[in-house]
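Student:
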Amino acid sequence: MSCAAYSSGAGGLRIDDVSFAYNEEPVLRRVTLDVPEGQFISLLGPSGSGKSTLLRLIAGLERPTRGRIAWKGVEIAGPGIDRAVVFQNYSLFPWFTAQANVALAVAKAHPDFGRARRLELARDYLSRVGLGNAAEKYPLQLSGGMQQRAAIARALALEAPVLLMDEPFGALDPVNRGKLQDLLIDAWKGSSPRRTIVFVTHDIDEALYLGDRVALLGASQGKRLLAEIDVPLARPRPRAAFFASAEFRELRENIAERLDADVISGLATNH
Ligand code: ADP
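Numbered according to my numbering, the sequence shown spans residues 6 to 276.
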């Protein structure tokens, strides 16, 4: 059985020696990463380091050219209801209300759920993201921040154990971005069992503030995983105290140095 190798000690998400290439152009090289169930991991790296590609591989939207990815011991062979994805563009249907957008996604993921249950889930998750009063509004009646809240509610309402997020707050202003970061952490901590979150960002501060751990991808050095960095700061993490802490500054510096070294080594090998 192809899954047998994963059956021991592989409770969460296992990325095992994964490579990927677009038209023979390597995008990821031999990435191995284990994400325990319930962990919040940030995938951090500069533009072009393959973060989105790795997320798409986990989502099952692409297949690795080498290696395997498994969730709870079962190899990922395509999209599945155990993994919900949030992209940067809110991708809500403009002709449906926020509530109908969420209910429709629930209907696709869980065709066995009745209409009443779908609408109840939609209302529940919209109110959890602060959109209880905007459930009947259409996307164009909502601000960008509110649309992204609705997109998050839609992903949470699927109640998938794995949440994959690709720069979901990249288009938001700093105030809304901060609010949605905190809202996401609250939703994650409030879920039982706790979801496993893989969060793509190119923002070092965001990666550290949100993550239990940061997986650092390089754009040079053969597009490899450069480092796995634990973020041992306790939660809750009050924003001001977190960013003022010596631990945060040290981690930030460490990551910046590694990214600089990656760029320099890339320049050296290109010449
Ligand atoms: P990141 O998310 O870190 O910015 P991506 O995973 O989006 O990186 O892209 C990694 C590399 O793969 C980039 O060099 C990009 O140009 C290339 N790439 C991404 N998508 C495609 C595609 N559909 N076809 C060809 N190349 C692609």
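Every residue gets a Cβ at the ideal spot worked out from N, C-alpha and C, and that includes glycine.
These numbers come from a predicted model, not from an experiment.
Which same chain residues, not among the five before or five after R242, have their C-beta less than 7 angstroms away from its C-beta?
Tutor: Stepping through the sequence shown from its first residue, residue 242 is reached at position 237. Closer than 7 angstroms at the Cβ level, and outside the excluded window around R242, lie Y214.
Student: Once the 5 residues before and after T102 are set aside, which same chain residues still bring their CB inside 7 angstroms of it?
Tutor: Reading the sequence shown from its first residue, position 97 is the one you call residue 102. Same-chain partners within the cutoff: A140, E141, K142 and Y143.
Student: DSSP on R68, reduced to helix/strand/coil?
Tutor: As a position in the sequence shown, residue 68 is number 63, starting the count at 1. Three-state result, R68: coil.
Student: For the ligand ADP, list every residue whose C-beta falls under 6 angstroms from any of its heavy atoms, going in chain order.
Tutor: Matched residues: Y27, V32, G50, S52, G53, S54, G55, K56, S57 and T58.
Student: Give me the Cα-Cα distance between R159 and A75, rounded to the nearest whole angstrom.
Tutor: Against the sequence shown, residue 159 aligns to sequence position 154. Against the sequence shown, residue 75 aligns to sequence position 70. Take the alpha-carbon of R159 and the one of A75: they are about 24 angstroms apart.
Student: Within a Cβ cutoff of 8 angstroms, which residues of the same chain sit near L188, ignoring the five residues on either side of it in sequence?
Tutor: Position 183 of the sequence shown, counting from 1, holds the residue named residue 188. The answer, listed in chain order, is V134, G135, R154 and I157.
Student: Which of the three DSSP states, helix, strand or coil, is assigned to S270?
Tutor: Residue 270 sits at position 265 when you count from the first residue of the sequence shown. Helix at S270.
Student: Buried or exposed: where does L145 fall if 16 or more other Cβ atoms within 10 Å of its Cβ makes it buried?
Tutor: Locating residue 145 in the sequence shown gives position 140, counting from the first residue. That one is exposed.
Student: Under 7 angstroms between the Cβ atoms of D170 and V111?
Tutor: To locate residue 170, count along the sequence shown from 1; it is residue 165. To locate residue 111, count along the sequence shown from 1; it is residue 106. Contrary to the premise, residue 170 reads as Met rather than Asp in this sequence. Their beta carbons are not under 7 angstroms apart, which means M170 does not touch V111 by this criterion.
Student: Taking the continuous beta strand (DSSP E) assigned at L33, which residues delimit it?
Tutor: As a position in the sequence shown, residue 33 is number 28, starting the count at 1. That run of the beta strand (DSSP E) goes E30 to V40.
Student: Whole angstroms are fine: how far does the CA of G149 sit from the CA of S12?
Tutor: As a position in the sequence shown, residue 12 is number 7, starting the count at 1. As a position in the sequence shown, residue 149 is number 144, starting the count at 1. With a pLDDT of 40 at S12, under the threshold of 50, the modelled position of that residue is not reliable, and the figure given next carries that caveat. Approximately 43 angstroms, taken between the alpha carbons.
Student: Taking S132 as part of the alpha helix (DSSP H), name the residues at either end of that continuous run.
Tutor: On the sequence shown, residue 132 is found 127 positions in, with the first residue counted as 1. Unbroken alpha helix (DSSP H) run through S132: R120 to R133.
Student: Ordered along the chain, which non-local residues of its own chain (more than five positions away) have a Cβ less than 8 angstroms from that of T70?
Tutor: What you label residue 70 is simply residue 65 of the sequence shown in a count that begins at 1. Contacts found: S24, F25 and A26.
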